[in-house]
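There are 2 protein chains.
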Amino acid sequence: MITDRQLLILQAIIDDFIRNAQPIGSRSLSKKEGIAFSSATIRNEMSDLEEFGFLEKTHTSSGRIPSEKGYRYYVDHLLAPQSLKTDDRRIIRSIFADRIYELEKIVQKSAKILSELTNYTSIVLGPKVKDNKLKKIQIISLSRETAIAIIITDTGHVENKVISLPPSFDMNEIEKMANILNDRLVGVPLAELRDKIYKEVAVLLSQHIHNYGTLVTSLAETLDISNPPKLFFGGKTNMLKQPEFHDIDKVSSLLSLIEQEQGLYEIMKQNPAGIHVKIGRENNNVLLEDCSLITATYSVGQQQVGTIAILGPTRMEYSRVISLLEFFSKDMTALLTKLYQNY
Amino acid sequence: MITDRQLLILQAIIDDFIRNAQPIGSRSLSKKEGIAFSSATIRNEMSDLEEFGFLEKTHTSSGRIPSEKGYRYYVDHLLAPQSLKTDDRRIIRSIFADRIYELEKIVQKSAKILSELTNYTSIVLGPKVKDNKLKKIQIISLSRETAIAIIITDTGHVENKVISLPPSFDMNEIEKMANILNDRLVGVPLAELRDKIYKEVAVLLSQHIHNYGTLVTSLAETLDISNPPKLFFGGKTNMLKQPEFHDIDKVSSLLSLIEQEQGLYEIMKQNPAGIHVKIGRENNNVLLEDCSLITATYSVGQQQVGTIAILGPTRMEYSRVISLLEFFSKDMTALLTKLYQNY
DNA sequence: GTTAGCACTCTGTCCTCTTGAGTGCTAATA
DNA sequence: TATTAGCACTCAAGAGGACAGAGTGCTAAC
């Protein structure tokens with residue numbers, strides 16, 4: 006079994022490594038405050054910890070560094086729940102201080118501030134709109150061939166799409182069309198609009214509008230708001246500041262992954278409520294082998310709407326980042342709930 | 006005076022350096038096709054070219070590399086107008102092939118494709134909306150305290166803003182308000198909306214609407230669409246592939262510049278029509294000392310609406326990039342003119 | 001005016017040596 | 001029996017030297 010002293014040493018090593026990014030040896034560790042045993046004793050304990058798989062060596066006579074398993078144990082058992090500095094609280098609160106009504110702007114600003122606070126890369130998966138329900142749809146004619154559909158959802162999200170009109174469409178019929186759409190589609194989740202248009206609206210349109218054939222397809226396809234939630238980033242280049250990423254090739258492929266978005270989206274979207282830590286290879290992605298990803302979710306009322314994550318090296322300040330995200334996610338949820346729940 | 010043979014040599018050196026990123030010496034140059042003189046002769050000519058300031062050495066016994074002045078001469082006088090490969094044409098045309106009606110999407114896609122085609126970073130300054138004229142404004146109530154203003158411009162650009170309503174605002178007055186706004190503001194350039202609201206609309210609102218005081222401020226401030234045009238990027242990380250940016254610190258500060266946007270925006274916004282090349286320090290920015298920026302503009306009809314740029318190392322394939330941008334800007338202008346001019 | 005030849009220079013690479021920080025093992029100690 | 005001191009050993013990183021390769025500038029010959 007693992008002893009208390011071993012845990013003390015493990016914790017000291019990981020804390021030190023997170024700070025200095027350097028392998029740490031028995032002698033320097035023995036000089037640390039709170040460590041009262043000789044370097045020889047520490048060597049023995051380290052050797053045991055290595056056998057358990059919590060530590061690794063970079064070469065035979067180097068100091069030890071934490072292994073993935075070591076970080077995992079540290080995160081699961083050794084993390085002292087650190088309370089946030091008032092400064093940090095204040096800065097996070099400032100995100101929500103301005104009266105901003107657009108969710109996207111809040112999300113964008115959050116990404117920026119979280120990356121500045123942590124010096125890592127922040128990724129925010131914006132609110133899922135496709136679960137939102139249609140509140141109102143407006144159609145405004147633009148030219149002979151095009152009109153704009155403005156879609157407003159129950160959470161206050163607004164989206165506009167250009168729809169193309171059939172060649173000989175009568176402008177007077179726009180209002181009729183809008184009425185039909187509102188009549189039938191209000192309250193329908195955005196993801197189901199397309200279906201509903203084909204199934205219910207098409208019939209009605211055929212009764213009231215000339216030339217409805219191509220119009221139905223055009224409507225159904227443009228109102229199909231199944232576009233995945235947007236990803237927002239902050240501090241994309243913060244990775245470059247970390248000593249473990251001073252290798253151009255590593256950093257290059259990592260940044261490509263970030264820029265591509267697709268890969269990260271897959272990772273972000275499957276996120277259960279609460280705070281989760283994925284360390285190194287737990288991310289199931291070669292490019293993220295040396296990274297850890299800490300995710301948190303935010304909600305409107307009880308409904309979880311988005312995910313926020315911090316991406317850093319495995320040698321990440323877990324404690325601080327977790328506290329930040331906890332605080333942030335609580336505040337964000339509170340704000341969103343207040344703003345949008347009663348629509 | 007500079008002789009024809011010197012120009013031939015200068016051109017050969019620059020072409021070679023653009024390809025291989027290695028200083029080039031007299032002997033290897035003498036082996037090149039089209040160069041019929043001995044290495045000694047070339048050495049003499051190179052020495053002259055260096056005296057003129059067109060070439061540099063990295064150290065006393067190294068081969069030569071082009072100086073900024075060398076590139077400048079090359080771009081101004083030696084560039085053979087290269088015609089585009091049909092492949093490239095096809096790919097650029099494909100941007101405009103889909104029936105996309107939203108300008109932003111076209112711009113975004115352009116940035117992506119141009120960066121893929123060149124392997125450099127592309128930057129597109131989106132259309133200036135503030136010169137657009139208001140075509141229609143719609144107001145849709147959202148909650149007790151908020152409503153959405155939808156602003157449509159003569160170029161088909163749509164923007165929505167949340168406006169906050171005074172506490173005891175009567176919902177029935179929304180339509181009245183919208184009518185007043187439309188009546189007074191249609192045809193007004195977006196940049197002047199704010200002014201016009203204070204000067205003309207305020208009076209009218211005071212006559213027809215209770216509680217108009219805070220409403221006017223709220224309207225004026227939210228409808229103030231002086232937000233600068235957006236910047237779109239493609240291939241932000243392409244810089245990392247260039248051998249001259251294999252230095253982390255250099256690349257890090259350059260990417261920060263790109264991520265900040267502000268600096269680049271300043272550079273992009275002041276752009277006269279046509280294609281322009283800025284080499285190294287001509288960019289007036291320490292971080293861009295080793296970069297060249299080639300910009301082109303695009304228009305709707307006669308009105309120039311945006312700028313597109315390619316950012317690469319000074320050792321850039323000027324000829325190819327210029328051809329690409331020329332072709333692109335012509336096509337883009339043609340498409341936009343067709344789509345939006347007759348609104 | 002052009003070219004051949006030669007002495008010289010600088011970079012990059014390879015090798016060796018040395019130092020310092022670390023380890024593991026063994027024997028002495030509390 | 002658990003801890004510590006001591007010692008031999010290992011490895012990385014840095015310094016210094018030797019050397020090959022690619023280049024230059026200059027001078028003299030063509």
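Respectively, the protein sequence lines represent chains A and B. All residue numbers for the first sequence refer to this note's numbering, where the first residue is 6 and numbers rise by one. All residue numbers for the second sequence refer to this note's numbering, where the first residue is 6 and numbers rise by one. The C-beta atom is built at its ideal place from N, Cα and C for all residues, glycine as well.
Legend entry - chain B residues whose Cβ lies nearer than 7 Å to that of isoleucine 153/A: Here residue 153/A corresponds to residue number 148 of the first sequence, with the count starting at 1. Within chain B, the residues near isoleucine 153/A are Ile157 and Val163.
Legend entry - Within chain B, the residues that isoleucine 145/A reaches when beta carbons sit closer than 7 Å: As a position in the first sequence, residue 145/A is number 140, starting the count at 1. Listed along chain B, the residues sitting closer than 7 Å to isoleucine 145/A by beta-carbon distance are Lys141, Gln143 and Ile157.
Inset, instruction - Check the Cβ of glutamate 107/A against every Cβ in chain B and list those closer than 7 Å, keeping chain order. - result: The residue you call residue 107/A lines up with position 102 of the first sequence. The contacting residues are Val167.
Inset, instruction - Select from Tyr78/B, Val326/B and Val167/B the residue whose C-alpha is nearest the C-alpha of isoleucine 7/B. - result: Working through the second sequence from its first residue, we reach residue 7/B at position 2. When only C-alpha atoms are compared, the closest one is Tyr78/B.
Inset, instruction - Sort Ser223/A, Val310/A, Lys201/A and Leu245/A by Cα distance to valine 167/A and report the nearest one. - result: Residue 167/A sits at position 162 when you count from the first residue of the first sequence. Taking only the C-alpha atoms, the option nearest valine 167/A is Ser223/A.
Inset, instruction - Below 8 Å between beta carbons is the criterion; list the residues of the region 247–264 of chain B that meet it against any residue of chain A, in chain order. - result: Cβ contacts with chain A come from His251, Ile253, Val256, Ser257, Leu260, Ser261 and Glu264.
Inset, instruction - Select from Thr151/B, Asn187/B and Glu322/B the residue whose C-alpha is nearest the C-alpha of leucine 220/B. - result: As a working mapping, residue 220/B is identified with position 215 in the second sequence. Nearest option by C-alpha distance: Thr151/B.
Legend entry - Completely contained alpha helix (DSSP H) runs for the region 67–125 of chain B, where each covers 4 or more residues: If we require 4 residues or more, the alpha helix (DSSP H) runs fully inside the region 67–125 of chain B come out as 73–78, 91–102 and 108–123.
Inset, instruction - Determine, using beta-carbon pairs with one atom in the region 334–346 of chain B and one in the region 302–310 of chain B, whether at least three such pairs fall under 8 Å. - result: Contact holds: three or more Cβ-Cβ distances are below 8 Å.
Legend entry - Bounding residues of the beta strand (DSSP E) (the contiguous stretch that carries phenylalanine 238/A): Counting from 1 along the first sequence, the entry for residue 238/A is found at position 233. For phenylalanine 238/A, the uninterrupted beta strand (DSSP E) run begins and ends at 236–239, by DSSP.
Legend entry - Distance, glutamate 180/A Cα to leucine 215/A Cα: Here residue 215/A refers to the residue found at position 210 of the first sequence. Here residue 180/A refers to the residue found at position 175 of the first sequence. A small fix is needed here, since residue 215/A is histidine in this sequence, not leucine. Their backbone Cα atoms lie some 14 Å apart in a straight line.
Inset, instruction - Answer yes or no: do serine 44/B and serine 52/B have a C-beta to C-beta separation smaller than 9 Å? - result: Looking up residue 44/B in the second sequence gives position 39. Looking up residue 52/B in the second sequence gives position 47. Not in contact: serine 44/B and serine 52/B (Cβ atoms no closer than 9 Å).
Legend entry - 9 Å Cβ cutoff, lysine 114/B in contact with chain A: Position 109 of the second sequence holds residue 114/B. Judged by the 9 Å Cβ criterion, lysine 114/B is not in contact with chain A.
Inset, instruction - Verify whether the separation of the beta carbon atoms of isoleucine 315/B and tyrosine 125/B is less than 9 Å. - result: Sequence index remark: in the second sequence, residue 315/B carries index 310 (1-based). Sequence index remark: in the second sequence, residue 125/B carries index 120 (1-based). Yes, the Cβ-Cβ distance between isoleucine 315/B and tyrosine 125/B is below 9 Å.
Inset, instruction - Measuring only between beta-carbons, confirm whether threonine 242/B sits less than 9 Å from chain A. - result: For this step, residue 242/B is matched to residue 237 along the second sequence. It does; some Cβ of chain A falls within 9 Å.
Inset, instruction - Would you kindly check if the distance between the Cβ of isoleucine 23/B and the Cβ of isoleucine 322/B is under 9 Å? - result: By 1-based counting over the second sequence, the position of residue 322/B is 317. By 1-based counting over the second sequence, the position of residue 23/B is 18. Looking at the sequence provided, one finds glutamate at residue 322/B rather than isoleucine. Yes. Within cutoff.
Legend entry - Under the three-state DSSP convention, the category alanine 207/A falls into: For the purposes of this step, residue 207/A is taken as the residue at position 202 of the first sequence. Three-state DSSP puts alanine 207/A in a helix.
Legend entry - First through last residue of the alpha helix (DSSP H) which encompasses threonine 319/A: Locating residue 319/A in the first sequence gives position 314, counting from the first residue. For threonine 319/A, no alpha helix (DSSP H) run applies, since DSSP gives it neither H nor E.
Inset, instruction - Please confirm if isoleucine 298/B has its CB atom under 9 Å from at least one CB of chain A. - result: What you label residue 298/B is simply residue 293 of the second sequence in a count that begins at 1. Looking at the sequence provided, one finds leucine at residue 298/B rather than isoleucine. So, not an interface residue.
Inset, instruction - Could you please give me the residues that DSSP links to histidine 281/A through a beta bridge? - result: In the first sequence, counting from the first residue as 1, residue 281/A sits at position 276. Paired residue(s): Thr300/A.
Legend entry - isoleucine 145/A vs isoleucine 157/B beta-carbon contact at 9 Å: Taking the first sequence and counting its residues from 1, the one referred to as residue 145/A is at position 140. Taking the second sequence and counting its residues from 1, the one referred to as residue 157/B is at position 152. Here isoleucine 145/A is near isoleucine 157/B, since their CB atoms are less than 9 Å apart.
Inset, instruction - Determine the chain A residues that contact leucine 269/B at a beta-carbon separation under 9 Å, and present them in chain order. - result: The residue you call residue 269/B lines up with position 264 of the second sequence. Against chain A, the beta carbon of leucine 269/B has no neighbour under 9 Å; the closest one sits roughly 14 Å away.
Legend entry - Segment limits, beta strand (DSSP E) that includes methionine 275/A: The residue you call residue 275/A lines up with position 270 of the first sequence. The sequence given here has glutamine at residue 275/A, not methionine. Counting along the chain, glutamine 275/A falls outside any beta strand (DSSP E), and DSSP gives it neither H nor E.
Legend entry - valine 163/A to glycine 239/B span [Cα, whole Å]: To locate residue 163/A, count along the first sequence from 1; it is residue 158. To locate residue 239/B, count along the second sequence from 1; it is residue 234. Taking the straight line from one Cα to the other gives about 27 Å.
Inset, instruction - List the residues that DSSP assigns as beta-bridge partners of lysine 138/A. - result: For the purposes of this step, residue 138/A is identified with residue 133 of the first sequence, where counting begins at 1. In the DSSP output, where bridge partners are listed per residue, lysine 138/A has Pro194/A.
Legend entry - Selection from Arg10/B, His213/B, Ser67/B and Ser88/B that minimises the alpha carbon distance to asparagine 184/B: Position 179 of the second sequence, counted from the first residue, corresponds to residue 184/B. When only C-alpha atoms are compared, the closest one is His213/B.
Inset, instruction - Please check if any C-beta of chain B sits within less than 9 Å of the C-beta of valine 148/A. - result: Counting from 1 along the first sequence, the entry for residue 148/A is found at position 143. First, the amino acid is wrong: residue 148/A is serine here, not valine. Under the Cβ distance rule, serine 148/A counts among the residues neighbouring chain B, one pair being separated by less than 9 Å.
Inset, instruction - Excluding the 5 residues preceding and the 5 following tyrosine 203/B in the sequence, name in chain order all residues of the same chain whose CB lies nearer than 6 Å to its CB. - result: Along the second sequence, one-based indexing puts residue 203/B at 198. Same-chain partners within the cutoff: Ala225.
Inset, instruction - Report yes or no: is there a C-beta of chain B within less than 9 Å of the C-beta of leucine 83/A? - result: Locating residue 83/A in the first sequence gives position 78, where the first residue counts as 1. Chain B, which has no Cβ nearer than 9 Å to the Cβ of leucine 83/A, makes this no.
Inset, instruction - Confirm, please, whether the CB-CB distance from isoleucine 272/A to leucine 298/A is below 9 Å. - result: For the purposes of this step, residue 298/A is taken as the residue at position 293 of the first sequence. For the purposes of this step, residue 272/A is taken as the residue at position 267 of the first sequence. In terms of Cβ geometry, leucine 298/A and isoleucine 272/A form a close pair [threshold 9 Å].
Inset, instruction - Just confirm the distance between the C-beta atoms of glutamine 87/A and serine 324/A, as a whole number of angstroms; I'd bet it's less than 8 Å. - result: The residue you call residue 87/A lines up with position 82 of the first sequence. The residue you call residue 324/A lines up with position 319 of the first sequence. Their Cβ separation, rounded to whole angstroms, is 5 Å, which keeps glutamine 87/A and serine 324/A in contact under 8 Å.
Inset, instruction - Check whether the Cβ atoms of valine 129/A and leucine 236/A lie closer than 9 Å to each other. - result: The residue given as residue 129/A occupies position 124 in the first sequence. The residue given as residue 236/A occupies position 231 in the first sequence. Yes, the pair counts as a contact, with Cβ atoms nearer than the cut-off.
Legend entry - Beta-ladder partner(s) of serine 127/B, from DSSP: What you label residue 127/B is simply residue 122 of the second sequence in a count that begins at 1. Gly239/B and Ile315/B, per the DSSP bridge assignment.
Inset, instruction - With a 10 Å radius around its C-beta and 16 neighbouring C-beta atoms as the bar for buried, classify asparagine 137/A as buried or exposed. - result: By 1-based counting over the first sequence, the position of residue 137/A is 132. So asparagine 137/A counts as buried.
Legend entry - Nearest to glycine 2/A (by Cα), restricted to the options Thr342/A, Val326/A and Arg320/A: Lying outside 6 to 348, the shown extent of chain A, residue 2/A is not represented and no answer is given.
Legend entry - Chain-ordered residues of the region 303–320 of chain A with a beta carbon less than 9 Å from chain B: Residues of the region 303–320 of chain A that bring their beta carbon within less than 9 Å of a beta carbon in chain B are absent altogether.
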